[in-house]
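Heads up, our numbering is the position in the sequence shown plus 34, with the first residue counted as 1.
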Amino acid sequence: MQNTRLNTSFNVETTAVAAYSSKTPGQSSDTIKWIFTPLLTAKEACTSELMGLKLILTVVFLLVFISATVTAEYIRPPPRKTLHFPWSSRPSSHPQQVHISLAGDKHIRVSWVTDDKSCPSTVEYGTSPGRYSAISHGESTSYNYLFYSSGQIHHTVIGPLEPNAVYFYRCGGEGPEFQLKTPPAQLPITFAVAGDLGQTGWTKSTLDHIDQCKYDVHLLPGDLSYADYMQHRWDTFGKLVEPLASARPWMVTEGNHEEESIPIFKDGFQSYNSRWKMPFEESGSSSNLYYSFDVAGAHIIMLGSYTDYDEYSEQYNWLKADLAKVDRKKVPWLLVLFHVPWYNSNHAHQGEGDEMKAAIEPLLHGAGVDIVLAGHVHAYERTKRVNQGNLDPCGAVHITIGDGGNREGLAQKYINPQPEWSVFREASFGHGELKLVNSSHAYWTWHRNDDDEPVRSDQVWITSLASSGCLHEKRQLRKILMGP
């Protein structure tokens, strides 16, 4: 006799799938079918009342297992210490801490630091190793913080560049050659996502796992170096991420650990703004703390949780104008990143995003934002589509991914019972991968750092609001919030 099987179905955008079978694009039904095999066959269960009781208990266990996967239980390895970096033997004129970012249509910004402050801000580049067919000139800056003096920080924009192409480049006319790959011009595109990185052994594990995935752009929702006023930690962080950040664009926004104001230094983001220049000018923003960019079929908005966001602020009015210009026929996906999560069922940082949520969420909902990515809470959580605290099929999916590996450790205490809008939550270090497959479907996965192996622990297919009737339903709301 064949084994008895239990069959059930769940909605694709509201169920943690935990590495079982999933719906693929083009299916007519938004369901995922789960098939579980009981520990006993029907024939064995009939042999005695005891075996029948065991079968019932087995089924109950499976049903409890299905409902319990939303808050994953996992025995975590011990914490890892902060990394220490040996003295560098690079000549003072050679580039270090090299990283790249998108800088408008078909352009890349190359940023690096030299100890020699007289070095030129030039980048030579071409499509063949050692053969540079073009050169660009940029700008440089430096800063002082108490007894610390930074090296010369260079920013140079290169391009126009071909999409989905490999380029070789050299900074300042000296030192090693680097290699980068530009993102594709059209879908599909893959993003790596990790926030709250820091500089620990777990950070290194997360970066190693990201390096294994074939991503095009890294999105980082705040808390980069965890320098926390110790400026040399900005330098060590730049060296730590250089192998990845020099090869693929890193698009970042600020978190609370980037804010380093003290009474004699009012500009709390001086270090961050000097080192990690993003395309704020290219997107019409007046501040490096919030900006937007287009890549492939997505419009991505990076907001600042630690700069003014009320309806009279520059950020709010810039966001309103930016959203009004988005053409969802050209960019069917609309993503937003900021540091402090709005939907958080962890005890850590509870309620800290409420004021920003009250001011900004109506704009994002009216524009039909698909996915919101945040950090700050050192754990992972994914929600159903939600708006104003209620389930809404036309709301955004919110994902908290502040689990990059920082030294403060994990936030392991959750609020119970679990809110209705929360699908999957787990206090583990890891990273996410978001693949926008086409204009209607995206595939999200979260990979736990299980010792030194990336383990896919959550995955889901997400349907874009541009492919549904939601944007049509929001036309009047959009006009009220953002004008005609």
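All C-beta atoms, glycine included, are put in the ideal place defined by N, C-alpha and C.
Following the DSSP letters along the chain, one finds F372 in no alpha helix (DSSP H), marked with neither H nor E.
Rounded to the nearest angstrom, the gap between the Cα atoms of L180 and G207 is 32 Å.
Looking at E173, A330 and E415, the one whose alpha-carbon comes closest to that of D437 is E415. At the C-beta level, R204 and E211 come within 8 Å of one another.
Pairing S167 with I187 gives a Cβ-Cβ distance that is not under 8 Å.
Looking at the DSSP output, A358 sits in no beta bridge, so it has no partner there. A residue is called buried once 16 or more other Cβ atoms fall within 10 Å of its Cβ, and N424, having fewer, is exposed.
Between the C-alpha atoms of L254 and S184 there is a straight-line separation of about 23 Å. Contact between Q446 and A461 holds, with the beta-carbon distance rounding to 4 Å and staying under 8 Å.
Per the Cβ contact rule, the segment 355-366 is not in contact with the segment 379-395 (fewer than 3 Cβ pairs under 8 Å). In the DSSP assignment, M336 forms a beta bridge with Y325 and L371.
Per the C-alpha coordinates, the member of V157, K151, F463 and A476 positioned closest to P488 is F463. Bridge partners of E460 according to DSSP: Y414. Annotated as distal: G209 and I142, with beta-carbon spacing of 8 Å or more. Annotated three-state conformation of H381 is coil, per DSSP.
The continuous alpha helix (DSSP H) containing R267 extends over residues H266 to A279. For the beta strand (DSSP E) assignment, the segment 489-516 encloses no uninterrupted run of at least 3 residues. With fewer than three CB-CB distances shorter than 8 Å, the segment 312-321 does not count as touching the segment 237-253. The DSSP-derived three-state label of E467 is strand. When DSSP states are grouped into helix, strand and coil, E345 belongs to the coil group. Per DSSP, E173 is one residue of the beta strand (DSSP E) stretching across E173 to T175.
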